[in-house]
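K.L.:
Each residue of the sequence shown is one higher than the last, beginning at 1 in UniProt numbering.
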Amino acid sequence: MSYLNTTKDVYKEAALTPDVGLCCTTNPIWELPGLKIPKIMQEMNYGCGSTVHPRDLTNSPKILYVGVGGGMELLQFAYFSRQKNGVIGVDVVDEMLDASRKNFKEAEAQNPWFKSEFVDLKKGDALNLPVEDNSIDVAAQNCLFNIFKAEELKKAIDEMYRVLKLHGRLVMSDPTCEQPMNDTLRNDERLRALCLSGSLPIAEYVKALTDAGFGTIEIRARKPYRILDPKHYPTDELIYIESIEVAAIKDPMPTDGPCIFTGKAAIYYGEDDYFDDKAGHVLLKNQPLAICDKTAGALASLGRDDIFISESTFHYDGGGCC
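#1: Could you round the C-beta distance between G89 and S100 to whole angstroms and report it? I think they count as a contact, below 8 Å.
#2: In this structure, does DSSP put F314 in helix, strand or coil?
#3: Less than 8 Å between the beta carbons of A139 and L64, yes or no?
#4: Is DSSP giving V68 helix, strand or coil here?
#5: Grab me the residues of G215's own chain with a C-beta within less than 8 Å of its C-beta, minus the 5 sequence neighbours each way, in chain order.
#6: Could you give the DSSP three-state label for D91: helix, strand or coil?
#7: Can you give me the C-alpha to C-alpha distance between D91 and G319, rounded to a whole angstrom?
#8: Thinking C-alpha only, which one of I136, L144, K36 is nearest N111?
#9: Here's a check: name, in chain order, each residue in its chain whose Cβ is nearer than 6 Å to the Cβ of K84, leaving out the five neighbours to either side.
#10: Roughly how many angstroms separate the alpha carbons of Y240 and D229, rounded to a whole number?
#11: Rounded to a whole number of angstroms, what is the C-alpha to C-alpha distance between A203 and A109?
#12: What residues in its chain sit with their C-beta under 7 Å from that of S312, if we drop five residues either side in the sequence?
#13: For D251, does the three-state DSSP call read helix, strand or coil?
#14: Taking D183 as part of the alpha helix (DSSP H), name the residues at either end of that continuous run.
#15: Is there at least one Cβ from chain C nearer than 8 Å to G297's Cβ?
#16: For the beta strand (DSSP E) containing G168, list its first residue and its last residue.
#17: Can you pull the DSSP bridge partners for Y274?
#18: DSSP on D293, reduced to helix/strand/coil?
#19: Taking three-plus beta-carbon pairs below 8 Å as touching, is the region 171-179 in contact with the region 144-152?
#20: I'd like to know if the region 43-62 and the region 119-127 are in contact, where contact means that at least 3 CB-CB pairs between them fall below 8 Å.
#21: Is it right to say N103 is buried, meaning 16 or more other beta carbons lie within 10 angstroms of its own, or is it exposed?
#22: Identify which residue in A279, N59, K285, G280 has its Cα closest to the Cα of E271.
#23: Does DSSP put T6 in a helix, a strand or coil?
#24: Going straight from the alpha carbon of N187 to that of K231, what length do you get?
#25: With which residues is S243 paired in a DSSP beta bridge?
#26: Could you name the residues of the same chain whose beta carbon sits closer than 8 Å to that of L238, not counting the 5 residues immediately before and after it, in chain order?
#27: Measure from the alpha carbon of L129 to the alpha carbon of each residue in A156, V93, A300, then state which is nearest.
#28: Does DSSP put T216 in a helix, in a strand, or in coil?
#29: My assumption, with CB atoms under 8 Å, is that G86 sits in contact with K62. Please give the rounded CB distance.
#30: From L164 to D305, what distance separates their C-alpha atoms?
#31: By the three-class DSSP mapping on this structure, what secondary structure does N128 have?
#32: Count the other C-beta atoms from every protein chain shown that fall within 10 angstroms of the C-beta of Q76, then say buried if there are 16 or more, exposed otherwise.
#33: For D277, which of A290, Y269, Q287, T295 has the nearest alpha-carbon?
Have a look at this one:
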């Protein structure tokens, strides 16, 4: 597992000397009332999207964030859980933990509501989380699991599943890639540490989550991320990488398989006021209903000429079936 040592070295360097270009985010910084994010945190935001979604964060949840970076997402999570140790930040790199502690002091100076004690920073490994079973409402990681090879990825997801409460949410942002990568790319330890050579196709990414037991998967965003080209990387062709934001919910696994939301909707446009499939889904006339892929398949199998089912948009905001 020497690639994990390379990863530690990369992020040790990034903690000691902030590297604005280390990773490129695909989301604007959250603009929330009374929240000011120090410039140093923004410079050390080594993610590829956002794991902070207000609808996950009601009722002062207990939050776990793995791979702390400069502390920006920890600060944003603390905004919704203003309690001592309400947010747990875990990182294996001492220098990154030290940098976050320093950055939180700056955050305290700029945010009257924030106290550093809201965040409990712990030295720990994503493969062996220093957190009790069934104790977390929302767990998150940003551009970290993409680093892991198959065996470590399975263990990291299993660890997140272990610490989450029933119906708890694992929120993630990672690069994905449909094109196969050559062996040179896949085995480049530094590229893997930079989240560029371990990208999985979305289907494999989702399967890893459902294999761990997550009964509901929400694909919330799928966005252009980076291009690996022959001029700058050891590849013979262009490789297109996307950033994907996913929530995996620790719901019991349905007997007919997981509910996977990829942004499909059903619209009933028949003669009646509504259509009831007698399976828990009521479609009001000309009112789109968000549906999981499993429900989309079941509705399509009815062969009706008055129900339209959209293609996957890979954008899901909640609600709908299941």
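Note that CB positions come from ideal geometry on N, CA and C, so glycine has one too.
P.N.:
Answer, in terms of the structure:
#1: Translated into positions along the sequence shown, residue 89 becomes position 89. Translated into positions along the sequence shown, residue 100 becomes position 100. At roughly 7 Å, the Cβ-Cβ gap stays under 8 Å, so G89 and S100 are in contact.
#2: The count along the sequence shown starts at 1 and reaches residue 314 at position 314. Looking at F314 - three-state DSSP - the assignment turns out to be coil, as it is neither helix nor strand.
#3: If you number the sequence shown from 1, residue 139 lands on position 139. If you number the sequence shown from 1, residue 64 lands on position 64. Yes. Within cutoff.
#4: In the sequence shown, counting from the first residue as 1, residue 68 sits at position 68. Looking at V68 - three-state DSSP - the assignment turns out to be coil, as it is neither helix nor strand.
#5: As a working note, residue 215 is residue 215 in the sequence shown. Cβ neighbours of G215 within its own chain (closer than 8 Å, five residues either side excluded): I249, K250, D251, P252, M253, P254, P258, C259.
#6: Within the sequence shown, numbered from 1, the residue matching residue 91 stands at position 91. In the structure shown, D91 sits in a strand (DSSP, three-state: E or B).
#7: Along the sequence shown, one-based indexing puts residue 91 at 91. Along the sequence shown, one-based indexing puts residue 319 at 319. G319 has its alpha-carbon roughly 34 Å from the corresponding atom of D91.
#8: Along the sequence shown, read from residue 1 onward, the residue named residue 111 stands at position 111. Selected option, being the one with the closest Cα: K36.
#9: Mapped onto the sequence shown, residue 84 falls at position 84. Cβ-Cβ distances below 6 Å link K84 to E117 in the same chain, with the five nearest sequence neighbours on each side left out; the list follows chain order.
#10: Taking the first residue of the sequence shown as 1, we reach residue 240 at position 240. Taking the first residue of the sequence shown as 1, we reach residue 229 at position 229. When rounded, the distance between both Cα atoms is 9 Å.
#11: Position 203 of the sequence shown, counted from the start, is the residue given in the question as residue 203. Position 109 of the sequence shown, counted from the start, is the residue given in the question as residue 109. Rounded to the nearest angstrom, the two C-alpha atoms are 44 Å apart.
#12: As a working note, residue 312 is residue 312 in the sequence shown. Excluding positions up to five away in sequence, the list reads T262, G263, K264.
#13: Translated into positions along the sequence shown, residue 251 becomes position 251. Three-state result, D251: coil.
#14: As a working mapping, residue 183 is identified with position 183 in the sequence shown. For D183, the uninterrupted alpha helix (DSSP H) segment begins and ends at 183-186.
#15: Annotation note: the requested chain C is absent from the structure, which comprises a single protein chain.
#16: Start at 1 with the first residue of the sequence shown, and residue 168 comes out as number 168. It spans 164-177 - the beta strand (DSSP E) in which G168 sits, taken as one unbroken run.
#17: Numbered from its first residue, the sequence shown carries residue 274 at position 274. When beta bridges are read from the DSSP output, Y274 appears opposite L284.
#18: The sequence position of residue 293 within the sequence shown is 293, counting from 1. Here DSSP, grouped into helix, strand and coil, assigns D293 to helix.
#19: The region 171-179, when compared against the region 144-152, does touch it at the 8 Å Cβ threshold.
#20: Touching, no, given that fewer than three Cβ pairs across the two stretches are closer than 8 Å.
#21: Along the sequence shown, read from residue 1 onward, the residue named residue 103 stands at position 103. Answer is buried; the Cβ neighbour count reaches 16.
#22: Counting from 1 along the sequence shown, the entry for residue 271 is found at position 271. Closest by alpha carbon: K285.
#23: The residue given as residue 6 occupies position 6 in the sequence shown. Correct three-state label for T6: helix.
#24: One-based indexing of the sequence shown puts residue 187 at position 187. One-based indexing of the sequence shown puts residue 231 at position 231. Computed Cα separation, rounded: 18 Å.
#25: Position 243 of the sequence shown, counting from 1, holds the residue named residue 243. Answer is P175, K223.
#26: Locating residue 238 in the sequence shown gives position 238, where the first residue counts as 1. The residues are I227, L228, D229, P230.
#27: Looking up residue 129 in the sequence shown gives position 129. Looking from the CA of L129, the closest CA among A156, V93, A300 belongs to A156.
#28: If you number the sequence shown from 1, residue 216 lands on position 216. If DSSP states are grouped into helix, strand and coil, T216 belongs with the strands.
#29: The residue labelled residue 86 in the question sits at position 86 within the sequence shown. The residue labelled residue 62 in the question sits at position 62 within the sequence shown. That belief holds up - the Cβ atoms of G86 and K62 are roughly 6 Å apart, short of 8 Å.
#30: The count along the sequence shown starts at 1 and reaches residue 164 at position 164. The count along the sequence shown starts at 1 and reaches residue 305 at position 305. If you take the alpha carbons of L164 and D305, they lie about 43 Å apart.
#31: As a working note, residue 128 is residue 128 in the sequence shown. Of the three classes helix, strand and coil, the one that applies to N128 here is strand, per DSSP.
#32: Taking the first residue of the sequence shown as position 1, residue 76 is located at position 76. Under this definition Q76 is a buried residue.
#33: Position 277 of the sequence shown, counting from 1, holds the residue named residue 277. Among A290, Y269, Q287, T295, the Cα nearest to that of D277 is on T295.
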